[in-house]
Amino acid sequence: MARAESAIERVVDDPGWAREAAYRLLTAHVSDEAATVARRVLGLAAKELGDLAGAVRHLRAAVRFAERAGFARRAGEARMSLAVVLADLGRTEAALAEADRAAAVLTGQDAARLTAQRGLILQRLGRAEEALSCYRRALPALRRYRDTLWETRVLLHRGTLYAYQGAHQAAEADLTKCIELARQAGLDLLYSFALNNLGFAKLRRGDIPTALALCDESIRVQAKLGMPAVPPRCDRADALIAAGLGQEARETLTEVVAEFERDGFAIYAAEARLTLAQAALLDEDPAAAREAAQRAYAEFTRQRRHAWARLARKTEIAARWALGERSRALLRDAVRVADQLAAAGWPDDALQTRLLAGRVALELGLKPRARTLLAAAAAGRRRGPAQLRAAAWHAEALRRLLDADRAGASRALRAGLRVLEENAAILGATDLRAHSAVFGEELATLGLRLALEEGRAREVLRWSERWRAGALRQRPVRPPEDSRLAEDLAALRQVVSRIAEEGLAGHDTTRLRAERLRLERAICNRSRHARGPGGRAAELDLGALAEALGDRALVELLRLDERLHAVTMVDGRVRLFTLGEYAETLRETESLRFSLNRLARRHGGEPLLAAARLALRYAAGRLDEILFAPLRSTLGDRELVVVPTGALHALPWTVLPTCAGRPVAVAPSARTWLATVRGASRPGTAGVALVAGPGLEHAEPEVRDLAHRYREARLLAGQDATVQAVSTAIDGADLAHIAAHGHFRADNPLFSCLDLVDGPLTVYDMERLEQAPRRLVLSACDSALSAVRPGDELMGLASAVFALGTSTLVASVTPVPDDETRRLMTDLHDRLVGGTPPARALAEAQQAVGVDGFVCFGAG
Numbered sequence: 001m002a003r004a005e006s007a008i009e010r011v012v013d014d015p016g017w018a019r020e021a022a023y024r025l026l027t028a029h030v031s032d033e034a035a036t037v038a039r040r041v042l043g044l045a046a047k048e049l050g051d052l053a054g055a056v057r058h059l060r061a062a063v064r065f066a067e068r069a070g071f072a073r074r075a076g077e078a079r080m081s082l083a084v085v086l087a088d089l090g091r092t093e094a095a096l097a098e099a100d101r102a103a104a105v106l107t108g109q110d111a112a113r114l115t116a117q118r119g120l121i122l123q124r125l126g127r128a129e130e131a132l133s134c135y136r137r138a139l140p141a142l143r144r145y146r147d148t149l150w151e152t153r154v155l156l157h158r159g160t161l162y163a164y165q166g167a168h169q170a171a172e173a174d175l176t177k178c179i180e181l182a183r184q185a186g187l188d189l190l191y192s193f194a195l196n197n198l199g200f201a202k203l204r205r206g207d208i209p210t211a212l213a214l215c216d217e218s219i220r221v222q223a224k225l226g227m228p229a230v231p232p233r234c235d236r237a238d239a240l241i242a243a244g245l246g247q248e249a250r251e252t253l254t255e256v257v258a259e260f261e262r263d264g265f266a267i268y269a270a271e272a273r274l275t276l277a278q279a280a281l282l283d284e285d286p287a288a289a290r291e292a293a294q295r296a297y298a299e300f301t302r303q304r305r306h307a308w309a310r311l312a313r314k315t316e317i318a319a320r321w322a323l324g325e326r327s328r329a330l331l332r333d334a335v336r337v338a339d340q341l342a343a344a345g346w347p348d349d350a351l352q353t354r355l356l357a358g359r360v361a362l363e364l365g366l367k368p369r370a371r372t373l374l375a376a377a378a379a380g381r382r383r384g385p386a387q388l389r390a391a392a393w394h395a396e397a398l399r400r401l402l403d404a405d406r407a408g409a410s411r412a413l414r415a416g417l418r419v420l421e422e423n424a425a426i427l428g429a430t431d432l433r434a435h436s437a438v439f440g441e442e443l444a445t446l447g448l449r450l451a452l453e454e455g456r457a458r459e460v461l462r463w464s465e466r467w468r469a470g471a472l473r474q475r476p477v478r479p480p481e482d483s484r485l486a487e488d489l490a491a492l493r494q495v496v497s498r499i500a501e502e503g504l505a506g507h508d509t510t511r512l513r514a515e516r517l518r519l520e521r522a523i524c525n526r527s528r529h530a531r532g533p534g535g536r537a538a539e540l541d542l543g544a545l546a547e548a549l550g551d552r553a554l555v556e557l558l559r560l561d562e563r564l565h566a567v568t569m570v571d572g573r574v575r576l577f578t579l580g581e582y583a584e585t586l587r588e589t590e591s592l593r594f595s596l597n598r599l600a601r602r603h604g605g606e607p608l609l610a611a612a613r614l615a616l617r618y619a620a621g622r623l624d625e626i627l628f629a630p631l632r633s634t635l636g637d638r639e640l641v642v643v644p645t646g647a648l649h650a651l652p653w654t655v656l657p658t659c660a661g662r663p664v665a666v667a668p669s670a671r672t673w674l675a676t677v678r679g680a681s682r683p684g685t686a687g688v689a690l691v692a693g694p695g696l697e698h699a700e701p702e703v704r705d706l707a708h709r710y711r712e713a714r715l716l717a718g719q720d721a722t723v724q725a726v727s728t729a730i731d732g733a734d735l736a737h738i739a740a741h742g743h744f745r746a747d748n749p750l751f752s753c754l755d756l757v758d759g760p761l762t763v764y765d766m767e768r769l770e771q772a773p774r775r776l777v778l779s780a781c782d783s784a785l786s787a788v789r790p791g792d793e794l795m796g797l798a799s800a801v802f803a804l805g806t807s808t809l810v811a812s813v814t815p816v817p818d819d820e821t822r823r824l825m826t827d828l829h830d831r832l833v834g835g836t837p838p839a840r841a842l843a844e845a846q847q848a849v850g851v852d853g854f855v856c857f858g859a860g
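Numbered per the UniProt record's numbering, the sequence shown spans residues 1 to 860.
This is how it looks when you write it as structure tokens:
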């Protein structure tokens, strides 16, 4: 009997061992009672191993065997276990019925365990108060019996329930105690569950970096135990959604739903499908979101989980809105679901649904109804997670607009953006900050719209800047495990080098590519654990901007409803212009870049190249006409500071007639430009670094030629140009020049890189510098390209250096022939050494050599 009881105790943490122990007991002709317990062990082991159908079969056999043998208590225990498995299958009524039958025969410690189990079933049904009542009754009894295993389970489930209810302090107290108990008792699997659920609780409070760190640690522990780690992967995806990473979350959740369905975990599959719907909505696929939400609703309804079904309806309603529906039926549904969510104890979700209902009412012209709904939603602007408070401020802005209080609406929108900015500031990783901008897009757009409608140029400039390139305003924070990150980056370089070697030899690189993907994920995940300093940046000081510009002219481009506008600042005066359609500039930019690519690579014969030159001239002329014709009299012949938007970040500006031969400095935002100007006076501490990467014919001759101009420069070429050596040389340099192959990774911009002798120098490597070079020249194709996210958030090698302290960057946004690049770089540095400012030096060099494609970013 002792061996059977031991197997029961170990079944959660080592189900494989427990299953084998149970089979050994059954073949050893043990007592009938021990055989009953062994059958229960088989059922519990099957549950933990994902075989729910097998679990039901074994547990029903255990009940039958115990009842025939007259072991009422053992039958009750088996029914107690069966109840949970039935709940996992979504058969909640049958689960409660089995629990009732078990209650008739269980007493003492067993009865306390059953009460805890009933609480879990009620919790999954969404009957929160009944579940908490069960936990309150069970916990003191379990502690009296010193039942650590079940005390740990109760704390795990109750802490999670508290987190759903927004009782953050109580949730974290329960889950922290659960982690402590599980660690002390050696309950490794429960320990991993508690880590994950504490991560969920942290997420509900808005602490995304800690949530991701805890989920990742839970995944690591479960992998070590040989478990597939499906629940923590699901909760990790939830955290990614909260960070704005809809596509990445969607990929994970698609796998998770399939795994839950394969293993028969209907109750978890429905929850994961609902989260998948939310990810699809964030990923701008409302049709898929609606379909997934409808399926989740049907599954919750079959499982009689009515509170969860209402959450699914909420997501379906949001998808209908995103698909363009503006009907009275949508309004009725949204109001009803909001009321149901509030009654079910989901106040945050109720608030979001009331905001949507208020917006539908506005669209339908039902102003009194809209005012009531928006006022109810606005009540949450002082409490709860950041995204909720920002939504409430959005509701308040819309309510004030109904009362014709445009100034008040603008103040409410600014308050909502401040909430989101403060929340983004705790995100240490660049990609998290960049993607989180999506949650402020509607607030910023409405504020910009109000300013444009009023025609107030200075206010338009302020609104354009409030939600532009915010991720670059603070330096990325190194993760707590920086040494592990360094090890993974080194391993990645080795794998990338081996892929190149094996590929050239004609060998299969499938395994190596899988290892590269694994390492990239590990690096990305670890970097996201870092917490930022918090706080928020000061708003753009227009007086300081005017002073820094001096005789230069600012041209800041912005987009609203697919229409381009420009704000200029010249001699301190701000003017507003309406330009052309964004769609046309997008087409012409693509045509221009295509033509430059063909000419640089010299693809095709002379007729094709002549056609490319003609297409280039036409596209440049049209773009110049759209973007600069209305501004010419204002700009005169001044040097320009250009702040692009959208696809125009990839435009080689000096190709346009207005910019040809004119000093042009390009910046992600006016605020970033102002910061680079202030940093331009900072002298570097490490002199000049000249670097030549491998595989580029002109690289080493280029830097050796430049070394004659910079006598004290540190030169790294050939086998000396390793990532470590280059990082050391450029760290804090006054000027760094790197001639190397550049690669822009559209799929993962932070792995955009420069090729060095031992592998790629990625954005993650650059972020480990203490101080980026004050001036940086990248003699590499496409090295200045960045991915553009909502809020004109930029992600790539070029944009990253500005957050690290670089003041001026000269880099290419298109391919440039190697021979022309070398001549351009020689001319550029001759002018820089002579004291010519970078933007003017580049403009004059490009005119002299006849090369386009390079851009001066930052302080020109």
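Virtual Cβ for every residue (Gly too), placed ideally from N, Cα, C.
**Asked** Would K314 count as contacting chain B if we go by Cβ distances under 9 Å?
**Response** Checking the listed chains, one finds no chain B in this structure; it contains a single protein chain.
### Message
If distances are taken between C-alpha atoms only, which option among A269, D283 and T315 comes closest to E299?
### Response
Here the question's residue 299 lines up with position 299 in the sequence shown. The alpha carbon of E299 has as its nearest neighbour, out of A269, D283 and T315, the alpha carbon of A269.
message: Quick check: the Cα distance between F65 and D482, rounded to an integer number of angstroms?
response: Numbered from its first residue, the sequence shown carries residue 65 at position 65. Numbered from its first residue, the sequence shown carries residue 482 at position 482. If I take the Cα positions, the gap works out to 57 Å.
Legend entry - Backbone CA spacing between E255 and G550 [nearest angstrom]: The sequence position of residue 255 within the sequence shown is 255, counting from 1. The sequence position of residue 550 within the sequence shown is 550, counting from 1. Straight-line Cα distance between these residues: approximately 56 Å.
### Status (buried if at least 16 other CB within 10 Å, exposed otherwise) for D561
Here residue 561 corresponds to residue number 561 of the sequence shown, with the count starting at 1. Around the beta carbon of D561, a 10 Å sphere encloses fewer than 16 other beta carbons of the protein chains shown; the residue is thus reported as exposed.
Quick one: using the 10 Å Cβ neighbour count with 16 as the cut-off for buried, is W673 buried or exposed? Your numbering for residue 673 matches position 673 in the sequence shown. For W673, the number of other beta carbons within 10 angstroms of its own is at least 16, and it is reported as buried.
- Which one or two residues does DSSP pair with H743 in a beta bridge? As a working note, residue 743 is residue 743 in the sequence shown. According to DSSP, H743 bridges with C753.
| said: Within a Cβ cutoff of 6 Å, which residues of the same chain sit near R205, ignoring the five residues on either side of it in sequence? | reply: If you number the sequence shown from 1, residue 205 lands on position 205. The answer, listed in chain order, is H168.
Practice problem: Please work out which residues of its chain come closer than 8 Å, Cβ to Cβ, to R613, disregarding the five sequence neighbours upstream and downstream, and give them in chain order. | Solution: Looking up residue 613 in the sequence shown gives position 613. In the same chain as R613, and ignoring 5 residues on each side of it, the C-beta atoms closer than 8 Å to its own belong to S595 and L599, in chain order.
* **Bridge-paired residues (DSSP) for R563** => Here residue 563 corresponds to residue number 563 of the sequence shown, with the count starting at 1. Partner(s): L560 and E581.
I need the straight-line Cα distance from G416 to E48, nearest angstrom please.
The sequence position of residue 416 within the sequence shown is 416, counting from 1. The sequence position of residue 48 within the sequence shown is 48, counting from 1. Going by the C-alpha atoms only, they are around 45 Å apart.
9 Å Cβ cutoff met for A717 and L776: Here the question's residue 717 lines up with position 717 in the sequence shown. Here the question's residue 776 lines up with position 776 in the sequence shown. Contact flag unset, no.
Checklist entry - Three-state secondary structure (DSSP) at H737? => result Stepping through the sequence shown from its first residue, residue 737 is reached at position 737. Three-state result, H737: strand.
| Taking the alpha-carbon positions, what's the L181 to V30 distance? | Taking the first residue of the sequence shown as 1, we reach residue 181 at position 181. Taking the first residue of the sequence shown as 1, we reach residue 30 at position 30. Near 33 Å, if we compare the C-alpha coordinates of V30 and L181.
Exercise. For V643 versus A670, is the C-beta spacing smaller than 9 Å?
Worked result: The residue you call residue 643 lines up with position 643 of the sequence shown. The residue you call residue 670 lines up with position 670 of the sequence shown. Contact flag set, yes.
message = Please report the straight-line C-alpha distance between A111 and A103, rounded to a whole angstrom.
response = On the sequence shown, residue 111 is found 111 positions in, with the first residue counted as 1. On the sequence shown, residue 103 is found 103 positions in, with the first residue counted as 1. In this structure, the straight-line span from the alpha carbon of A111 to that of A103 is close to 7 Å.
### Task
Would you identify the three-state DSSP class for S786, choosing helix, strand or coil?
Your numbering for residue 786 matches position 786 in the sequence shown. In the three-state DSSP reduction, S786 falls in the coil class, being neither helix nor strand.
query: Thinking just about the alpha-carbon of each residue, which of A361, V335, E363 and D238 is nearest to the one in residue 879?
result: As displayed, the chain neither begins before 1 nor continues past 860, which places residue 879 out of reach and without an answer.
Reference R389; option with closest CA among A404, A280, E422 and D405: Along the sequence shown, read from residue 1 onward, the residue named residue 389 stands at position 389. Nearest C-alpha to R389: E422.
Check whether R528 and I208 have beta carbons under 9 Å apart: Along the sequence shown, read from residue 1 onward, the residue named residue 528 stands at position 528. Along the sequence shown, read from residue 1 onward, the residue named residue 208 stands at position 208. Yes, they are a contact pair.
Alpha-carbon spacing of A75 relative to E67, whole angstroms: Taking the sequence shown and counting its residues from 1, one reaches residue 75 at position 75. Taking the sequence shown and counting its residues from 1, one reaches residue 67 at position 67. Straight-line Cα distance between these residues: approximately 6 Å.
Check: Mind checking whether C234 and A272 have CB atoms under 9 Å apart?
Finding: By 1-based counting over the sequence shown, the position of residue 234 is 234. By 1-based counting over the sequence shown, the position of residue 272 is 272. In this structure, C234 sits near A272, with a CB-CB distance shorter than 9 Å.
Note to self: Can you tell me whether Q184 is buried or exposed? The criterion is at least 16 other CB atoms within 10 Å of its CB, across all chains shown.
What the structure shows: The residue you call residue 184 lines up with position 184 of the sequence shown. With fewer than 16 other Cβ atoms within 10 Å, it is exposed.
Inset, instruction - Go to G759, then tell me how far its beta strand (DSSP E) extends in each direction, as first and last residue. - result: Working through the sequence shown from its first residue, we reach residue 759 at position 759. For G759, the enclosing beta strand (DSSP E) begins and ends at G759 to T762.
Cross-strand partners of L554 (DSSP beta bridge): Indexing the sequence shown from 1 puts residue 554 at position 554. According to DSSP, L554 bridges with M569 and V641.
Find out if the Cβ-Cβ distance for the pair T92, R304 is shorter than 9 Å. Stepping through the sequence shown from its first residue, residue 92 is reached at position 92. Stepping through the sequence shown from its first residue, residue 304 is reached at position 304. Their beta carbons are under 9 Å apart, which means T92 touches R304 by this criterion.
- prompt: Which partner residues of R775 appear in the DSSP bridge assignment?
  reply: To locate residue 775, count along the sequence shown from 1; it is residue 775. Paired residues: L735 and T808.
Fill in: Run of the beta strand (DSSP E) containing E700, from where it starts to where it stops
For this step, residue 700 is matched to residue 700 along the sequence shown. That residue, E700, is in no beta strand (DSSP E); its alpha helix (DSSP H) goes A699 to A707.
Can you tell which of V849, I426, Y162 and R466 has the C-alpha that lies nearest to the C-alpha of L413?
By one-based count along the sequence shown, residue 413 stands at place 413. Closest option to L413, judged by alpha-carbon separation, among V849, I426, Y162 and R466: R466.
Helix, strand or coil for G244, going by three-state DSSP, please let me know. In the sequence shown, counting from the first residue as 1, residue 244 sits at position 244. Annotated three-state conformation of G244 is coil, per DSSP.
Legend entry - For L696 and A743, believed in contact at Cβ under 8 Å, the rounded distance: Here residue 743 refers to the residue found at position 743 of the sequence shown. Here residue 696 refers to the residue found at position 696 of the sequence shown. Per the sequence shown, residue 743 should be read as His rather than Ala. Not a contact, Cβ separation roughly 12 Å.
ask   = Taking the Cβ atom as the reference point for each residue, do L472 and V495 lie within a distance shorter than 9 Å?
value = Here the question's residue 472 lines up with position 472 in the sequence shown. Here the question's residue 495 lines up with position 495 in the sequence shown. In this structure, L472 sits away from V495, with a CB-CB distance that is not shorter than 9 Å.
query = The beta strand (DSSP E) with R714 in it runs from where to where?
reply = Taking the first residue of the sequence shown as position 1, residue 714 is located at position 714. For R714, the uninterrupted beta strand (DSSP E) segment begins and ends at R714 to L716.
So, with DSSP's three-state summary, where would you put G16? For the purposes of this step, residue 16 is identified with residue 16 of the sequence shown, where counting begins at 1. When secondary structure is reduced to three states using DSSP, G16 falls in the helix class.
Practice item. Evaluate contact between the segment 161 to 175 and the segment 207 to 221, counting only Cβ atoms and requiring at least three cross-stretch pairs below 8 Å. Key: No contact exists between the segment 161 to 175 and the segment 207 to 221.
* Reducing DSSP to helix, strand and coil, say where C134 ends up. => As a working mapping, residue 134 is identified with position 134 in the sequence shown. Of the three classes helix, strand and coil, the one that applies to C134 here is helix, per DSSP.
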